[in-house]
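Taking it in order: structure first as C-alpha cells, then the write-up.
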Amino acid sequence: MELPFAESWRIKMVEPIRMSTRAEREQWLREAHNNVFQLKAEQVYIDCLTDSGTGAMSDRQWSALMLGDESYAGATSFYKLEEVIKRLFGMQYVIPTHQGRAAENVLFSYLVKEGQVIPGNAHFDTTKGHIESRKARAVDVTTDDAKDTQLEVPFKGNVSLEKLERVLAENRGRVPFMVLTVTNNTVGGQPVSMENIRETCALCHRYDVPVVMDSARFAENAYFIKTREPGYADKTIKEITAEMYSHVDAMTMSAKKDGIVNMGGFIGFKNKEWYEGAKLYCIPFEGYITYGGMNGRDMNALAVGLDENTEFDNLHTRIHQVQYLASKLDEYGIPYQRPAGGHAIFVDADKVLSNVPKEEFPAQTLTCELYLEAGIRGCEIGYILADRDPVTRENRFGGLDLLRLCIARRVYTDNHMNVIAAALKNVYDRRHEITRGVAIEWEAPLMRHFTVQLRRLG
Ligand SMILES: *Cc1c(COP(=O)(O)O)cnc(C)c1O
C-alpha cells in the first residue's frame, strides 16, 4: 500500500481555540456591523482573514530569538540576516524594514516621482498606494487568464508581454522600474513562470527599465515552478529561487508571509547606487541601517525562517493543505479561482450567491454567512474592497467578487480544513434561499473595507 501524505513537522506547543454558538455569533457580528475586521479574534474559531504574520515559527526560529543581538549599530543579527539574503537571492545590499509596505515606502521615496508610470502584474494595494500617493500611475499588465476563475492554467499570475511592451513604448523615460509580484496575490496567489520572469525582465532591460521583485510569496512561487514548469522538477527550491532573482535588480519583501515571522520585511539591492539612495530614507522612516524597522531577535528568526521555507518539504506540506481544501470544495461543487493558489482559496461569490444582486455585495454576504455558520473568518476581496471610482464616486462592480480564505502557515490541521469545507457546503446548499445581501450604512472615504459598517437586508 502506498503511504499517505503527512506533514513534515510535528507539534510541540498548542494554542486552544473555542467554537462558539450561533446565537453568540449573531450578536457579535451585529456588534461588528457585519464587518469581520471589527470582530475580536477570540470571537473567531478558525481565522482565515490573512496569511500575513499569522504563521507558526519553528523551534529553531524560537531559539534563534534568544540569540538576538540588540546592539544599535552593527548587530550580529543584521549580519546573519544579510548573509542569508545574499546567499538565497544574490542581493549584495540589504535594508531591514518593519514590514513590506515600509520597504515600499523607503524604496519608492527614492525612486518614484510625480507623473511617472510603474507597470506591474496586479500591484498589491499598499504597493499601488505608495505609487499613487506620489502622483505616479500603477498600470496593471497581468494576462487576462485570471479574469476567468474557471480557466485551468498553471501560471495565471503571469505578465502579458504585449501589455507590458505597450506601456514601456508609450512612456519612454517615464518608467523608473517595473514591479513583478510573486506569487500574484491580487489575482488569487497565482504563480509566475520562470519563462515569464525571464522574458519580462529581458523586455524591461531592453527599455533600460530595472525590475523590482515584490517577493512576499517567492518561495511558494518557486514551489509552483518546480512542480508545474518543464525542466525544473529536479532543481531544489533554493536553486530555483536563485534563478528567479538572477533576472531582477532589486526586491521588496514582506517577511510576514514566506519569511514565516510575525512582523518584518526588507529591501534587497544588487546595485550600490540604489542602496545608497534608499538608505537616506531608511534612517528617518525606519531606523539606523543595520536594524531598519526590526529588532535583533526578529532578524535572527527571519534568517532561520527564510532558510527553512526554501526547503521543499516545508512548502509541500503547506501547499498540499491548500490543495486539500480545494479538493473538498471540488467534491461539493463550490466554485473558486482555479487552480488553487499558494496561500488561499478564493471562492467565486458571484457564482455561489447568484440571487444576491451586485449592489448588495455577494462576497461580503458570503463572508458573513460563513462566519455565522461556523465562526470561520474569511475576507471579502470584491466590490467593497474595490471601493468607489475617485471621479464618479460610483461603486466599482467591474472586477471579481471573491471570498478569500487564507491559510496560515503551519497553524491549522487538515481537520480544520474539513470544517471550513463542510461549513461552506452548508451555506452552498441553502444558497437559493439567500436572496438579500448587505447595505452600506457608513464608510470611510479611502480604504473603506477595514471600517465599513453594514446592515443586513431582508
Ligand atoms: C503583504 C504584501 C505586501 C505588503 O506587506 P506588509 O508586510 O503587509 O506591509 C506587499 N506586497 C504583497 C504582494 C503582499 O502580499
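Going by this note's numbering, the sequence shown opens with residue 5, and the numbers climb by one from there.
The C-beta atom is built at its ideal place from N, Cα and C for all residues, glycine as well.
So, helix, strand or coil for Gln-551, using DSSP?
For the chain, the structure presents residues 5 to 462; residue 551 sits outside this window and is missing.
Do you know how far the Cα of Asn-275 is from the Cα of Ser-75?
Spanning the two alpha carbons is a distance of roughly 27 Å.
Express the C-alpha separation of Ser-67 and Ile-287 in angstroms, rounding to a whole number.
If you take the alpha carbons of Ile-287 and Ser-67, they lie about 29 Å apart.
Would you kindly work out how many angstroms separate the C-alpha atoms of Thr-130 and Phe-112, rounded to a whole number?
So the alpha carbons of these two residues sit roughly 12 Å apart.
Quick check for students: name the residue ranges of the beta strand (DSSP E) that lie wholly in the region 110 to 163, counting only runs of 3 or more.
The region 110 to 163 contains these whole beta strand (DSSP E) runs: 121 to 124 and 141 to 144.
Pull up the distance between the alpha-carbon of Leu-43 and that of Ser-12, whole angstroms please.
For Leu-43 and Ser-12, the distance between alpha carbons rounds to 33 Å.
Decide if Val-356 is buried, meaning its Cβ has at least 16 other Cβ atoms within 10 Å, or exposed.
Under this definition Val-356 is a buried residue.
Mind checking Leu-71: buried by the 16 CB within 10 Å criterion, or exposed?
It is exposed - the Cβ of Leu-71 has fewer than 16 other Cβ atoms within 10 Å.
Am I right that Val-360 and Arg-460 are in contact with their C-beta atoms under 8 Å? What's the rounded C-beta distance?
Going by Cβ atoms, the distance from Val-360 to Arg-460 rounds to 11 Å, so no, they are not a contact pair.
Tell me whether Trp-446 is buried or exposed, calling it buried when 16 or more other Cβ atoms sit within 10 Å of its Cβ.
Classification of Trp-446: exposed, given that the 10 Å Cβ count is below 16.
According to DSSP, is Cys-383 part of a helix, a strand, or is it coil?
Strand at Cys-383.
For Glu-199 and Pro-234, I'd like the C-alpha separation in whole angstroms.
In a straight line, the C-alpha of Glu-199 is about 10 Å away from that of Pro-234.
Determine the burial state of Thr-185: buried for a count of at least 16 other Cβ atoms within 10 Å of its Cβ, exposed for fewer.
When all chains shown are included, Thr-185 counts as buried.
Determine whether the beta carbon atoms of Pro-100 and Gly-269 lie at a separation below 9 Å.
In this structure, Gly-269 lies closer than 9 Å to Pro-100 by Cβ.
For my contact list, Val-477 and Tyr-375 are in at a C-beta cut-off of 8 Å; report their separation, rounded to the angstrom.
Outside the displayed range of the chain (5 to 462) lies residue 477, so it cannot be described from this structure.
Which residues in the same chain as Pro-343 place their Cβ atom closer than 7 Å to its Cβ, once the five residues preceding and following it in sequence are excluded?
Answer for Pro-343: Glu-156, listed in chain order.
May I ask you to list the residues that DSSP assigns as paired with Phe-350?
DSSP lists Arg-408 as partners of Phe-350.
Do Phe-316 and Ile-241 come within 9 Å of each other at the CB atom, strictly closer than that value?
Yes, Cβ-Cβ distance for Ile-241 and Phe-316 is below 9 Å.
Look at Phe-350 and Leu-407 and say whether their C-beta atoms are less than 9 Å apart.
Yes; because the gap between Cβ atoms is below 9 Å, this pair is in contact.
Apart from the five residues just before and just after Val-326, which ones in its own chain have a Cβ nearer than 6 Å to its Cβ?
Counting only Cβ-Cβ distances below 6 Å, and skipping sequence neighbours, we find Ala-344 and Ile-411.
For the candidate residues Glu-373, Asn-109 and Gln-194, whose alpha-carbon lies nearest to that of Asp-152?
Checking every option, the nearest Cα to that of Asp-152 belongs to Gln-194.
Among Tyr-295, Thr-314, Tyr-83 and Ala-27, which one has its Cα closest to the Cα of Arg-221?
Selected option, being the one with the closest Cα: Thr-314.
Going along the chain, which residues of its own chain have a beta-carbon closer than 7 Å to the beta-carbon of Asp-212, five neighbours each way excluded?
The answer is none, since no qualifying residue turns up.
Which of helix, strand or coil does DSSP assign to Ile-444?
Looking at Ile-444 - three-state DSSP - the assignment turns out to be strand.
Determine the DSSP secondary structure at Asp-302, reduced to helix, strand or coil.
Of the three classes helix, strand and coil, the one that applies to Asp-302 here is helix, per DSSP.
If you compare alpha carbons, which of Arg-413, Ala-426 and Leu-92 is closest to His-347?
Looking at the Cα atoms, Arg-413 is the closest of the given residues.
Could you tell me the alpha carbon to alpha carbon distance between Ile-338 and Tyr-387, rounded to whole angstroms?
Distance between the alpha carbons of Ile-338 and Tyr-387 is about 20 Å.
Can you list, in chain order, the residues of its chain with a C-beta nearer than 7 Å to that of Ala-77? Leave out the 5 residues immediately preceding and following it.
Closer than 7 Å at the Cβ level, and outside the excluded window around Ala-77, lie Tyr-292 and Thr-294.
Taking only three categories from DSSP, how would you classify Val-40?
Helix, per DSSP.
What's the C-alpha gap between Thr-245 and Ala-223?
The straight-line gap from Cα to Cα measures roughly 7 Å.
Taking 6 Å as the limit between beta carbons, can you name the residues of its chain near Lys-167, skipping five residues before and five after?
Cβ neighbours of Lys-167 beyond the five flanking positions: Val-145.
Near Gly-296, what residues of its chain come up, given a Cβ to Cβ distance below 6 Å and the 5 sequence neighbours on each side ignored?
Excluding residues within five positions, the ones whose Cβ falls inside 6 Å are Ile-99, Pro-100, Thr-101, Cys-286 and Glu-290.
What whole-angstrom Cβ distance do Leu-329 and Met-421 have, given they're in contact under 8 Å?
About 4 Å separates the two Cβ atoms, so the contact holds.
With 16 other CB atoms within 10 Å as the buried threshold, where does Pro-8 fall?
The residue in question, Pro-8, is exposed, as its Cβ has fewer than 16 Cβ neighbours within 10 Å.
Relative to ligand 1, is the shortest distance from any of its heavy atoms to the C-beta of Arg-105 smaller than 8 Å?
Within the cutoff, so yes.
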